[in-house]
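Residue 1169 in the numbering used here sits at position 197 of the sequence shown; the count goes up by one each step and never skips.
All residues carry an ideal CB built from backbone N, CA and C; glycine is no exception.
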Amino acid sequence: MSSENKVRRVVSNQTEIFSDLEKKVLRYLKTTYQRPYASHTIKAFNQAQDFIRTFEKPVVLDSGCGCGESTLVLAAKYPDHPVIGIDKSQIRLTKAQKNSQPKNVFYIQAELIDFWRLALEAELNVFFHALYYPNPWPKESQAGRRFHGHPIFPTLLQLCPNMELRTNWKIYAEEFLEASRIGFQYLQMKWTPLLEEWVPSVPETAFERKYFENGQTLFRVRIVRD
């Protein structure tokens, strides 16, 4: 089987930004997301807080960290900061924990949308937030499952002033950037956007490695809140 067949490219019936994106974003900005928290995420969040308290520097989040490759990169980049790798899969986290762990890394199994809300409510001091290769939910009918089309998006915008998203689907990157523009305008927050093709010198996640070696174009969105 060829490399081209082994690594799927995003296939979608969308050819441009989702037409109801602004309507969705504004709807969720005007309401409060009230889904009950998962009990295991509450426990994990409390454990993360205990770890964070042993540091003087603000937090780095690696959401959807998978097997933890990117978490280790972030830990080396920010050695004085606590770096929290979050994933819903215990299997992936078990693989991550087999590696030698820097003292500033802590992995937790949690639901991202619950962890983010808990973090915002607790006023967790988040310095940098990595969102590397989230599930693109490529069908147009699945747009509401993408982070920027979901009720969690207002929380995501307010959680951290420095956020980076990576994806191998240009429309996802464009939607995320446009949703951020709509959100920050509504929230009356100043921000600096960046959307660019991303060519990693060294791939930082398993997905990034697969996509890059397959010759796919990667995209990076940087959101810096003033």
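Inspect the beta-carbon positions of P1106 and Y1000 and report whether they are closer than 7 Å.
Walking along the sequence shown from the start, residue 1106 turns up at place 134. Walking along the sequence shown from the start, residue 1000 turns up at place 28. No; because the gap between Cβ atoms is not below 7 Å, this pair is not in contact.
DSSP state of D1059, grouped into three classes?
Here residue 1059 refers to the residue found at position 87 when the sequence shown is read from its first residue. The answer is strand: DSSP assigns D1059 an E or B state.
Note the first and the last residue of the continuous beta strand (DSSP E) segment covering L1167.
In the sequence shown, the residue the question calls residue 1167 occupies position 195. First-last of the beta strand (DSSP E) with L1167: 1163-1170.
Contact defined as beta carbons within less than 8 Å: I believe T1043 pairs with D1034. What is the distance between those atoms, to the nearest angstrom?
One-based indexing of the sequence shown puts residue 1043 at position 71. One-based indexing of the sequence shown puts residue 1034 at position 62. 5 Å between Cβ atoms; contact.
On the CB-based measure, 16 or more other CB atoms within 10 Å of its CB, does S974 come out buried or exposed?
Locating residue 974 in the sequence shown gives position 2, counting from the first residue. Any reading at S974 must be qualified, since the residue scores a pLDDT of 38, below 50, and its modelled position is unreliable; the value itself is stated next. Looking at its Cβ environment, which holds fewer than 16 other Cβ atoms inside 10 Å, S974 is exposed.
Rounding to the nearest angstrom, what Cα-Cα distance links G1121 and F1148 in this structure?
Counting from 1 along the sequence shown, the entry for residue 1121 is found at position 149. Counting from 1 along the sequence shown, the entry for residue 1148 is found at position 176. Cα-Cα distance, rounded: 9 Å.
Measure the Cβ-Cβ separation of V1032 and F1099 and say whether it is below 7 Å.
Here residue 1032 refers to the residue found at position 60 when the sequence shown is read from its first residue. Here residue 1099 refers to the residue found at position 127 when the sequence shown is read from its first residue. Yes, these two residues count as a Cβ contact at 7 Å.
What is the DSSP secondary structure of D992, reduced to helix, strand or coil?
As a first step, residue 992 must be located in the sequence shown, where it is residue number 20. Looking at D992 - three-state DSSP - the assignment turns out to be coil, as it is neither helix nor strand.
Beta carbon of E1083, beta carbon of T1013: below 7 Å?
By one-based count along the sequence shown, residue 1083 stands at place 111. By one-based count along the sequence shown, residue 1013 stands at place 41. Yes, these two residues count as a Cβ contact at 7 Å.
Using CA coordinates, which residue listed in Q986, Y1158, N1140 is at the minimum distance from K1002?
Position 30 of the sequence shown, counted from the start, is the residue given in the question as residue 1002. Checked all of Q986, Y1158, N1140; the closest Cα to K1002 is Y1158.
So N1140 and L1190 are in contact, right, with Cβ under 8 Å, and what is the actual spacing, rounded?
Translated into positions along the sequence shown, residue 1140 becomes position 168. Translated into positions along the sequence shown, residue 1190 becomes position 218. Correct: roughly 6 Å between the Cβ atoms.
Compare the C-alpha of L1103 against each of K1067, Q1062, A1145 and name the closest.
Walking along the sequence shown from the start, residue 1103 turns up at place 131. Out of K1067, Q1062, A1145, A1145 has the C-alpha closest to the C-alpha of L1103.
Could you name the residues of the same chain whose beta carbon sits closer than 7 Å to that of F1179, not counting the 5 residues immediately before and after it, in chain order?
Start at 1 with the first residue of the sequence shown, and residue 1179 comes out as number 207. Once the five neighbours on either side are set aside, the close Cβ partners of F1179 are Y1105.
T1127 to V1077, Cα distance in whole Å?
The count along the sequence shown starts at 1 and reaches residue 1127 at position 155. The count along the sequence shown starts at 1 and reaches residue 1077 at position 105. Between T1127 and V1077, the C-alpha separation is close to 24 Å.
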